[in-house]
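Everything below concerns the one structure shown next.
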Amino acid sequence: MIDIVGDEHDTGPPGRRNPTSTLLKNLRHDIPASVVVFLVAVPLSLGVAHAAGAPLLAGLVSAVVGGIVASLFGASALQVSGPSAALTIVIAESIATFGWAATCAITAGAGLVQILFGLCRVARASLVISPAIVHGLLAGIGLILVLGQLHVVLGGVARGSTIENVLALPGRIVGHHDQAALIGVVTVGVLLAWTRMPRSVRRVPGPLAAVALATALSVAAGMDLPRVDLPNGLPGLGFVPEVPSGSWAAIIGAVLSIALIASLESLLSAVAIDKLRDGQRTDLNRELVGQGLANVAAGSLGGFPVTGVVVRTMTNFEAGARTRMSATLHSVWILGCCLFLAGALRLIPLAALAGLLVYVGAKLVNLTNLREVRRHGDLPVYLATLLGAVAVNLLTGVAAGIAVALALMLRRMLFSGIHIERDGSRTRVVIEGALTFLSVPRLTTVLAEVPERAEVTLELFVDYLDHAAFDCLRGWQRAYERAGGTVIVDEIGHPWFERGKAGVPTVRRGVASRVVPRWLAPWSQWQAEHLELPSQRGGSVPLCRGASEFQRRTAPLLRSTWDGLANGQQPHTLFITCGDARIVPNLITTSGPGDLFTVRNIGNLVPRAEADFSVGAAIEYAVGLLRVREVVVCGHSGCGAMKALLGDAPAGLAHLGGWLRHGEATMRRRESEGPVLLDGARPSHEGDRLALHNVVQQLENLRSYPVVDAALARGELRLTGMYFDVGKANVYLLDEALRSFTSAAAPVKS
Numbered sequence: 025m026i027d028i029v030g031d032e033h034d035t036g037p038p039g040r041r042n043p044t045s046t047l048l049k050n051l052r053h054d055i056p057a058s059v060v061v062f063l064v065a066v067p068l069s070l071g072v073a074h075a076a077g078a079p080l081l082a083g084l085v086s087a088v089v090g091g092i093v094a095s096l097f098g099a100s101a102l103q104v105s106g107p108s109a110a111l112t113i114v115i116a117e118s119i120a121t122f123g124w125a126a127t128c129a130i131t132a133g134a135g136l137v138q139i140l141f142g143l144c145r146v147a148r149a150s151l152v153i154s155p156a157i158v159h160g161l162l163a164g165i166g167l168i169l170v171l172g173q174l175h176v177v178l179g180g181v182a183r184g185s186t187i188e189n190v191l192a193l194p195g196r197i198v199g200h201h202d203q204a205a206l207i208g209v210v211t212v213g214v215l216l217a218w219t220r221m222p223r224s225v226r227r228v229p230g231p232l233a234a235v236a237l238a239t240a241l242s243v244a245a246g247m248d249l250p251r252v253d254l255p256n257g258l259p260g261l262g263f264v265p266e267v268p269s270g271s272w273a274a275i276i277g278a279v280l281s282i283a284l285i286a287s288l289e290s291l292l293s294a295v296a297i298d299k300l301r302d303g304q305r306t307d308l309n310r311e312l313v314g315q316g317l318a319n320v321a322a323g324s325l326g327g328f329p330v331t332g333v334v335v336r337t338m339t340n341f342e343a344g345a346r347t348r349m350s351a352t353l354h355s356v357w358i359l360g361c362c363l364f365l366a367g368a369l370r371l372i373p374l375a376a377l378a379g380l381l382v383y384v385g386a387k388l389v390n391l392t393n394l395r396e397v398r399r400h401g402d403l404p405v406y407l408a409t410l411l412g413a414v415a416v417n418l419l420t421g422v423a424a425g426i427a428v429a430l431a432l433m434l435r436r437m438l439f440s441g442i443h444i445e446r447d448g449s450r451t452r453v454v455i456e457g458a459l460t461f462l463s464v465p466r467l468t469t470v471l472a473e474v475p476e477r478a479e480v481t482l483e484l485f486v487d488y489l490d491h492a493a494f495d496c497l498r499g500w501q502r503a504y505e506r507a508g509g510t511v512i513v514d515e516i517g518h519p520w521f522e523r524g525k526a527g528v529p530t531v532r533r534g535v536a537s538r539v540v541p542r543w544l545a546p547w548s549q550w551q552a553e554h555l556e557l558p559s560q561r562g563g564s565v566p567l568c569r570g571a572s573e574f575q576r577r578t579a580p581l582l583r584s585t586w587d588g589l590a591n592g593q594q595p596h597t598l599f600i601t602c603g604d605a606r607i608v609p610n611l612i613t614t615s616g617p618g619d620l621f622t623v624r625n626i627g628n629l630v631p632r633a634e635a636d637f638s639v640g641a642a643i644e645y646a647v648g649l650l651r652v653r654e655v656v657v658c659g660h661s662g663c664g665a666m667k668a669l670l671g672d673a674p675a676g677l678a679h680l681g682g683w684l685r686h687g688e689a690t691m692r693r694r695e696s697e698g699p700v701l702l703d704g705a706r707p708s709h710e711g712d713r714l715a716l717h718n719v720v721q722q723l724e725n726l727r728s729y730p731v732v733d734a735a736l737a738r739g740e741l742r743l744t745g746m747y748f749d750v751g752k753a754n755v756y757l758l759d760e761a762l763r764s765f766t767s768a769a770a771p772v773k774s
C-alpha cells in the first residue's frame, strides 16, 4: 500500500496529532522551497530537452509529471524528479533512430521496466554496481554534453559524434563568433561567477540568474537569435506516442538504457539525501515504482524521461523543504508558468540554454568523486567507463567499466595474498585469503621462486581452499621434499590444508570451524595442532613460538600504539585480580596496551592500609601518581584461595598461609552479612559464594587507604567490583545497593 499523504517529520503520538496544524507548519517551509526549486528547474528542463534535440515543451512536461507523480507515489520524502542531463545522450540517439513520438513510447516502456524492477525488489541489488562505474558514466555524459554544446555556444552546431566534436572544436574556437556566441559565453560566465557572490545574492539560483541576464542582454540589444519555441495551451494534451519501428534489439536496448540510467540516478539521489536527513530511510523499491509510474505518464504525454535529479533534490533540501509537498508544488508552479508565462519563456535564447548545459555537463565531471575513486584504487574502472561512454556509447562504457572492475577484483584476489618473505637464510611463503583454481597460476609462479633444498615455512592464513589449489600445494610439497627440501606447514585458522591431507577436506566455507585467533587462544590450542615447527633456539618452545607469532602478526598492528606510550603511561584503571592463569584482564575487558595498571596476587586480596606494603605501594602509585579514574577488584569462580580459606589450604607453605590471613575479614563478613547474589541467585559452590563476599570486602579495604579516600571525596575515582565465571566465560559487575552481581552484557549507560 502506498502512503500518499504521510508526514515524514511528524513523530508525535498519533492520538495527539493535529493534521491541519502539521500541514500548515510544513507548508511554511515547503512553499518557499518549492519556489526555489521551480526557479532552478525551468531553465534546466528547457536546456536538457534542447541538448537532446527533443521539443522544448517535453522538458517542461517531464518536470510537471515527474514532480507530481514521482513525489506522490515514490518513497523519498525530499527527492525532486524531472528531466536529467544524464539521459540526454541516450534520448538524442533514440530520437535520431526512431523519432520523437516513438521515443516517448520507449520512455513509457522504460517506466514499465522500472515498475517491474521495484516489484521484484531489485533496487538494493542495483547498488552493488561500483561507484567508480556510476561516476565514470556521469563524467562521460558530462564530457559529451560539454563537447557538443560548446559548438552551439560558439555559434555553430554539434556534430554527429563526440570524436567529430573534438576534432572540429579547435576550428570552432578560432573561427567567426556571432551574437549567439556572446550570449552563450555570458551565460557560462555568470554561472561561474555566481558561486563567488555573497550569500544574499546567491539566494537567487544561479541557472535562473544566468539565463535571465543573458535573455535581458539579448532583448535590450535587439539581437536576432533563435529562441525558445513553446506552443500555447496545456502541455501534453492531445499527444499520442507512436509504436517504434525498426530492429527489436535496438528498441529493447533503448528501453533498457533509459530504465537503467534513470533507475541508477534516482536511487543514488535518494541514498544521497537519506544521508543528510533524519528519519526513516527511503524504501528504494517503492521509489523505483514511483519513478516508473512517472515515466509511463511522461512518455504518454510527450515528455522527456524522468529521474530523481541530484541538483534539484539537493536544492530542495538546502531550501528547507520538510515533506514531499515541496516537489509537488514545484511542478504546479511550472504548470502555471507554461499557462501564463509562456511569452516570457519564448524570449530565452537557445544559446543561453546551451551555455547552461555546458556548465551542467562540466559539473557532472566531479573532481571530488574522481579523487575518491583514485584513493580506493578504482581509477582504471572510472577511466574505462568514461572513455567507453565518450568514444562509443553509454552501454559500452558501462560494460567496459564492469569488465575492468572484474579484472581488478580477480587481480586483487590472485596476487595480493601470495608472496615470499625472506629473512636471511629463512624463507617463508605466505598465502592469505581465498585460494581457488583462479589462484593457481600465481601460486605456481611464487612457489617456483623458492630456493632449492632449503627449509621453507608454508604459512596458510586462508578462508577457503578448493580442490585445485589444494592439489597444487600438496603436489609442490611432495616434490620439494623429495628433492631434499623441508616444508614446515604453519596453518592459521581453520585447518583446510591439514583436513585435505587427511582425506576429509572441507568443501564449504559455511561449515568451516570457527577458530579462535592465536593472539586470544592458549598455546595448547594452536601450537599442538596442525603445526610443524623445528626446535627453537634457547628458552621454552611454547614461549619462543608465542613470541615469534607476536613479533610477526601482533607487533606490526600495535607498533604505533606502543610508540605513543614509549615516554610514559596514563592508564584508566587499576585492575586488581587473582594470579589464576585462567584470568586474562585485557581479554575480559577488551582493553589494550596502556589501559590497565594490573596487580595480581593470590585471591585478589587488598590488605588494609596498615597491613601490607606491596599492594599498598601499587595502590598509591596508581591512584596518587598515575591518577587512574577507576579501581577494579575482580574475583572469579573456582578460586583456589577461596577453597584454602574454607579449610582446604595445602600444608607446609608458610608464605601462602601467611598471605591468606589477609582473607580472614572476608570469612567474618560471610558469617555476619547476608548473601551476595550472582544474577539474582546464590552460586551453588561454597567457594564461589565466598568469592563474591571477598570482592565486596576488598572494595571496603581499599577505602582504608588515604589516597583512595581522598580521591573518592573529590569525585575523581570510582570503585568497581567484578566477577568472572570461568566455566561460562561471563563477566559480572557489582551493584552495591542491591548486593548483587549482574551480567556485564546488560546495556551500559555512559
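Counting from 25, one number per residue, gives the positions in the sequence shown under the numbering used here.
Quick reminder that beta carbons are idealized off the backbone N, C-alpha and C, glycines included.
Can you find the residues in the same chain that come closer than 8 Å, C-beta to C-beta, to residue i, ignoring five residues on each side of it along the sequence?
{"i": "L193", "result": "L171, L174, H175"}
{"i": "L300", "result": "F341"}
{"i": "R542", "result": "I516, W550, E573, R577"}
{"i": "A427", "result": "A408"}
CB-CB under 6 Å to residue i, same chain, minus the five flanking residues each way: which ones, in chain order?
{"i": "M349", "result": "D54"}
{"i": "E553", "result": "Confidence is the limiting factor: at E553 the pLDDT is only 48, short of 50, which leaves the residue's position unreliable and the question unanswerable from this model."}
{"i": "W500", "result": "L471"}
{"i": "G775", "result": "The displayed coordinates of the chain run from 25 to 774. Any statement about residue 775 would go beyond what the structure contains."}
{"i": "A99", "result": "T306, D307, R310, E311"}
{"i": "A665", "result": "I626, G627"}
Pick helix, strand or coil for residue i, following the three-state DSSP scheme.
{"i": "M221", "result": "coil"}
{"i": "D749", "result": "strand"}
{"i": "G441", "result": "coil"}
{"i": "T690", "result": "helix"}
{"i": "A488", "result": "Inspection of the sequence shows that residue 488 is occupied by Tyr rather than by Ala. Reduced to three states, the DSSP call for Y488 is strand."}
{"i": "L567", "result": "helix"}
{"i": "S105", "result": "strand"}
{"i": "Q560", "result": "Its pLDDT being 46, under 50, Q560 is placed unreliably by the model, and nothing is read from it."}
{"i": "G659", "result": "strand"}
{"i": "T614", "result": "coil"}
So, at 7 Å on beta carbons, what are the nonlocal neighbours of residue i in its own chain, with the 5 sequence-adjacent residues on each side left out?
{"i": "L371", "result": "T239, V243, R251"}
{"i": "T468", "result": "C496"}
{"i": "G326", "result": "A82, V85, C128, G260, F263"}
{"i": "A78", "result": "I115, I119, W124, F328"}
Identify the continuous alpha helix (DSSP H) that holds residue i and give its terminal residues.
{"i": "L680", "result": "678-684"}
{"i": "C362", "result": "349-364"}
{"i": "T131", "result": "124-143"}
{"i": "N718", "result": "710-726"}
{"i": "V513", "result": "That residue, V513, is in no alpha helix (DSSP H); its beta strand (DSSP E) goes 510-515."}
Over the uninterrupted beta strand (DSSP E) stretch that includes residue i, give me the two end residues.
{"i": "C496", "result": "Counting along the chain, C496 falls outside any beta strand (DSSP E), though it belongs to the alpha helix (DSSP H) covering 491-506."}
{"i": "N390", "result": "It is not in any beta strand (DSSP E) - N390 carries neither H nor E in the DSSP assignment."}
{"i": "N189", "result": "Segment 186-198 is the alpha helix (DSSP H) holding N189; no beta strand (DSSP E) there."}
{"i": "S17", "result": "Outside the displayed range of the chain (25 to 774) lies residue 17, so it cannot be described from this structure."}
{"i": "N340", "result": "That residue, N340, is in no beta strand (DSSP E); its alpha helix (DSSP H) goes 334-342."}
{"i": "R466", "result": "Here R466 belongs to no beta strand (DSSP E); instead the alpha helix (DSSP H) covers 464-471."}
{"i": "R450", "result": "450-459"}
Establish whether the CB of residue i and some CB of chain D are separated by less than 8 Å.
{"i": "A274", "result": "No chain D is present in this structure, which holds just one protein chain."}
TODO: May I ask you to verify whether the segment 420-429 touches the segment 240-254, counting CB pairs closer than 8 Å and requiring at least 3?
DONE: By the C-beta criterion, the segment 420-429 is judged not to be in contact with the segment 240-254, since fewer than 3 inter-stretch pairs fall below 8 Å.
Task: Sufficient close CB pairs (3 or more, under 8 Å) joining the segment 642-660 to the segment 593-604 - done: Because the criterion of three Cβ pairs below 8 Å is met, the segment 642-660 and the segment 593-604 touch.
Task: Segment contact flag, the segment 234-243 with the segment 195-213, C-beta cutoff 8 Å, min 3 pairs - done: Verdict: yes, contact present.
- [ ] Run through the segment 404-430 for me and flag every whole alpha helix (DSSP H) of 4 or more residues, listed as ranges in chain order.
- [x] Not a single unbroken stretch of the alpha helix (DSSP H) spanning 4 or more residues falls wholly within the segment 404-430.
Task: At least three beta-carbon pairs within less than 8 Å, the segment 91-105 to the segment 313-325 - done: Counting Cβ pairs under 8 Å, three or more are found: they touch.
Task: Cβ contact check for the segment 318-331 and the segment 103-114: 3 or more pairs under 8 Å - done: As far as the Cβ criterion goes, the segment 318-331 touches the segment 103-114, which means the pair count is three or higher.
TODO: Take every Cβ of the segment 656-666, pair it with every Cβ of the segment 749-765, and state whether three or more of those distances are shorter than 8 Å.
DONE: Under the three-pair Cβ rule at 8 Å, the segment 656-666 counts as touching the segment 749-765.
Task: the segment 371-387 touching the segment 396-407, judged by at least three CB pairs closer than 8 Å - done: No: the two stretches stay apart, fewer than three of their Cβ pairs being nearer than 8 Å.
Open item on the list: Count Cβ pairs between the segment 145-158 and the segment 351-361 that sit closer than 8 Å; are there 3 or more?
Closed with: In short, these stretches do not touch, since the Cβ pair count stays below three.
Open item on the list: Under 8 Å, with one C-beta from each stretch per pair, do the segment 699-710 and the segment 614-630 reach the 3-pair mark?
Closed with: Counting Cβ pairs under 8 Å, fewer than three are found: no touch.
TODO: Flag this pair as touching only if the segment 718-733 and the segment 630-650 have three or more C-beta atom pairs under 8 Å; answer yes or no.
DONE: Yes, the segment 718-733 is in contact with the segment 630-650.
TODO: Check whether the segment 270-284 touches the segment 120-133, counting contact only when three or more Cβ pairs, one atom from each stretch, lie closer than 8 Å.
DONE: Short answer: they touch.
Open item on the list: Assess contact between the segment 390-397 and the segment 156-166, defined as three or more Cβ pairs (one per stretch) separated by less than 8 Å. Is contact present?
Closed with: Flag = yes, the segment 390-397 and the segment 156-166 touch.
TODO: Could you name each continuous alpha helix (DSSP H) segment of 4 residues or more that falls completely within the segment 65-89, going from the start of the chain to the end?
DONE: Qualifying alpha helix (DSSP H) stretches, in chain order: 80-89.
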